[in-house]
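A.B. asks:
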Amino acid sequence: MILQILICLIASSTYAILASGFSLLYSVGRMLNLAYTVYYMLGAFLLYWLRVDVGLPILPAVILSILLVTIIGTAIQYFIQQITGHELIMLVLTFIIGAIMASVISHFITAGVLYLIIPSVIEGTISIMNVHIPLQYFLTLSAVLFVIILFWIIQFRTPLGTTLRAAAQDSEMAVLLGINPHRVKLYANVIAVFLAGVAGVVVAPMYPWSSTMWLHPLLVLLAIAIMGGLGSFYGCIIASFIIGFAENIVVFLIPGAAYLKDVVPMLLALLILLVRPQGLRGVKI
Amino acid sequence: MMSTLNSRRKYLSKDLFNQPTTIALLSCMIIALIMPYLLPLHITRTFTITFIYAILALSWNIASGYAGQLNLGVAFMFGIGGYTSAITSATFGFPVWFSIVIGSLLGMISGIIPGLISLRLQRSYLGLATLALPMILSAIIVNALPREIAGGMEGILAPPLLGVRDIVLEYYVALVSLLLSSIFVWRIASSKMGLFFQIIREDEDVAKASGINTHLYKVLAFLLTGLLAGFSGSLYVHVVRTVSPVVTSFLISFLPIIWCAIGGAGTVYGPIIGTILLDVPTSLARGYIGAFAEYVPYALLLLVVFIPRGEFGVGRLLVLRLKGIKLEHMR
């Protein structure tokens, strides 16, 4: 039972991190970037590469992979930001860029390997009420929660966060007040990619790595967007916790139904839409 | 508002048969009829599959080109049609034509799902929701259906379209199906329903204000999309003779969008021209470039950047030139 709750919490907070990054990109850049979860996959992949192929110790590997994801992702984001036009074009193009990146990553180093097992950051288990829980879970959970709190502090307690929120609320007014829109976009990109990279690196040891790893978080992000969680920090957190708990509880309750993980988020979003056509927060986005 | 729509409707129906267009249409038909006797078999087969894809592009065009609903998940209907047809004919032993009928009908019924979603979500958000549908479908097919029926990741074999392996005859079946489908779409487009679809695309509030039941017509547009997409899925499965979760991949959802956009969405001929222009060269090129063949569809999809307004394509410009209409008069 403790293990289950822990897994639910980890999944929900990972989704919360990804959703806050996605929502930051959406609110500052006005773009639904479907390539976003590839940065998560890239983080996990780089951690594997640095740990296993290069052979770095844990701490440098973690720091270096987060750094690399942030640099590569910001560069790619720079190009994605140039896309303008019909919303159909944006959706198709960002998804295609994501698919290309995912297939390039999986071609690049893992020729012919379907799954990679990424080594844990800490080995060993701890026993609580006769349940053996890997220490990795606690580390992941605390890291994920730490990142969420850090993001909250950045967004609500620093001048940078005020700038970001101002640009998100009314970009023209923000420009009039002397905020450089390009710099704000750059900051938003760096923060969003950093969040995805951290999520990937921290969660990576818990799941096997595969070339389709980015699709499930993407489905969750789509569901969060439809539930109306985008555009506000608390909306993201609430929607991600609903989805994270719902999908894991369904998987625990119904044996042999792990595939329902892909089905539950969207189903839940549509059900919520059926009951509340205005979305979770009651604000049209 | 109404006058521009009426004039556009006239372009679609009457002016299609002025002289240059008729000549072009007839020569295309003659070329299509004699093609299998002039070209090698593998090119004939490429054209067979291209014609089936053109039906898919036509189907996407109904809900998205005419009615303007952003649909990124046409592979959902395509996959349901294909799997239904393959399972009914391979496992339950129905004749192929009957299983194609069942596949098309089930494709139509599956169109209700995006149709109902379109009542609550609009524009990008409808796109996000429909994008998820094929992924959910493939998860269900691979894991929930028994392996002996649906075959899991590997898929199952489907019986050939005509009982025997005959590439030339299959080509003609695909050609006739494409012809019938385009006549079907043309009849819809020039009917009152097609006019309503276009009003909904241009301005949904105006459509509501002028007494059109927008909910009914949006669901109807998705039903018709589902019918044609299911039909093309069933044909595809029996021509390729195998069905696997590949038929629900995002490429199947996205390529019709590019074909329609290049050919000109919201017209009958646009999707067909776009599909033939883009799919035939890429399918033929795929044999020569080896390892990079996997990236060809991606490169094709990047063409989406060059679409001027998202719905005004090369094909439509071509036909307008044939009709002698200048671009400025159109919009």
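Chains A and B are the protein sequences, given in the same order.
Take the first sequence: its position 209, counting from 1, is numbered 311 in the working numbering, and each next residue is one higher.
Take the second sequence: its position 14, counting from 1, is numbered 417 in the working numbering, and each next residue is one higher.
Built from N, CA and C at the ideal position, the CB exists for glycine as well.
If we define contact as Cβ-Cβ less than 8 Å, is G713/B a contact residue for chain A?
C.D. replies: Because the pLDDT of G713/B is 42, which lies under 50, any placement of that residue in the model is unreliable, and the number read from its coordinates should be weighed accordingly. Yes, its Cβ sits closer than 8 Å to a Cβ of chain A.
A.B. asks: Can you round the beta-carbon distance between P648/B and I515/B to whole angstroms, since I take them to be within the 8 Å contact cut?
C.D. replies: In fact, because the Cβ distance is near 22 Å, the residues do not count as touching under 8 Å.
A.B. asks: Give the C-beta separation of A269/A and P283/A to the nearest angstrom, bearing in mind that I take them to be a contact with Cβ-Cβ under 8 Å.
C.D. replies: A269/A to P283/A, Cβ: 7 Å. Contact.
A.B. asks: What is the DSSP secondary structure of P99/A, reduced to helix, strand or coil?
C.D. replies: As displayed, chain A neither begins before 103 nor continues past 387, which places residue 99/A out of reach and without an answer.
A.B. asks: On the three-pair Cβ rule with 8 Å, is the region 322-332 of chain A touching the region 149-159 of chain A?
C.D. replies: Contact between the region 322-332 of chain A and the region 149-159 of chain A is absent, because fewer than three Cβ pairs lie under 8 Å.
A.B. asks: Which residues of the region 479-509 of chain B have a Cβ closer than 7 Å to any Cβ of chain A? Give them in chain order.
C.D. replies: Result list empty, no residue passes.
A.B. asks: At 9 Å on the CB atoms, spell out the chain B contacts of E189/A, in chain order.
C.D. replies: Those within 9 Å of E189/A in chain B are L473, R526, S527, G530, G713.
A.B. asks: If you run the structure through DSSP and keep just helix, strand and coil, what is T186/A?
C.D. replies: Coil, per DSSP.
A.B. asks: In chain B, which residues lie with their C-beta within 9 Å of the C-beta of M143/A?
C.D. replies: The premise fails here: M143/A is roughly 16 Å from chain B at the closest Cβ pair, so nothing lies under 9 Å.
A.B. asks: Which residues bound the beta strand (DSSP E) around T227/A?
C.D. replies: Residues 227-230.
A.B. asks: Could you tell me which of S502/B, A427/B, C431/B sits nearest to Y639/B, measuring between CA atoms?
C.D. replies: Looking at the Cα atoms, S502/B is the closest of the given residues.
A.B. asks: Rounding to the nearest angstrom, what Cα-Cα distance links G666/B and W589/B in this structure?
C.D. replies: For G666/B and W589/B, the distance between alpha carbons rounds to 16 Å.
A.B. asks: Evaluate contact between the region 118-126 of chain A and the region 296-316 of chain A, counting only Cβ atoms and requiring at least three cross-stretch pairs below 8 Å.
C.D. replies: With a cut-off of 8 Å, the region 296-316 of chain A and the region 118-126 of chain A count as touching, because enough Cβ pairs lie within range.
A.B. asks: Please report the Cβ distance between V295/A and Q380/A, rounded to the nearest whole angstrom; I am assuming they are in contact, meaning their Cβ atoms lie under 8 Å.
C.D. replies: V295/A to Q380/A, Cβ: 31 Å. No contact.
A.B. asks: Mapping DSSP to helix, strand and coil, what is V671/B?
C.D. replies: V671/B: coil per DSSP, three-state reduction.
A.B. asks: Which term fits N135/A, buried or exposed, when burial requires 16 or more other beta carbons within 10 angstroms of its beta carbon?
C.D. replies: The residue in question, N135/A, is buried, as its Cβ has 16 or more Cβ neighbours within 10 Å.
A.B. asks: Can you tell me the Cα-Cα spacing of M480/B and V366/A, whole angstroms?
C.D. replies: The alpha-carbon atoms of M480/B and V366/A are separated by roughly 20 Å.
A.B. asks: Quick one: what does DSSP say S594/B is sitting in, helix, strand or coil?
C.D. replies: DSSP places S594/B in coil when its eight states are reduced to three.
A.B. asks: Check this for me: beta carbons of A466/B and A592/B, under 8 Å apart or not?
C.D. replies: No, these two residues do not count as a Cβ contact at 8 Å.
A.B. asks: Give the residues of chain B in contact with Y361/A, contact being defined as C-beta atoms less than 8 Å apart.
C.D. replies: Ordered by position in chain B, the residues that pass the 8 Å Cβ test against Y361/A are A542, I543, V545, N546, A547.
A.B. asks: Which ranges does the alpha helix (DSSP H) cover as unbroken runs of at least 4 residues, wholly within the region 253-335 of chain A, from first to last along the chain?
C.D. replies: Runs found: 261-271, 273-278, 283-305, 317-329.
A.B. asks: For I250/A, collect the residues of the same chain with a Cβ closer than 7 Å to its Cβ; drop the 5 residues on either side in sequence, then sort them by chain order.
C.D. replies: Answer for I250/A: S115, A118, I119, listed in chain order.
A.B. asks: Tell me E645/B's beta-bridge partners as DSSP assigns them.
C.D. replies: The question names Glu, but residue 645/B in the sequence shown is Thr. BP columns for T645/B point to L560/B.
A.B. asks: Report all residues from its chain with a CB closer than 6 Å to the CB of V622/B; omit the five preceding and five following residues, and keep chain order.
C.D. replies: These residues qualify, in order along the chain: G518.
A.B. asks: Hey, L534/B and G476/B are a contact pair by Cβ (cut 8 Å); roughly how many whole angstroms apart?
C.D. replies: At roughly 6 Å, the Cβ-Cβ gap stays under 8 Å, so L534/B and G476/B are in contact.
A.B. asks: Could you check what DSSP says for V650/B in three-state terms: helix, strand or coil?
C.D. replies: Here V650/B sits in helix by DSSP.
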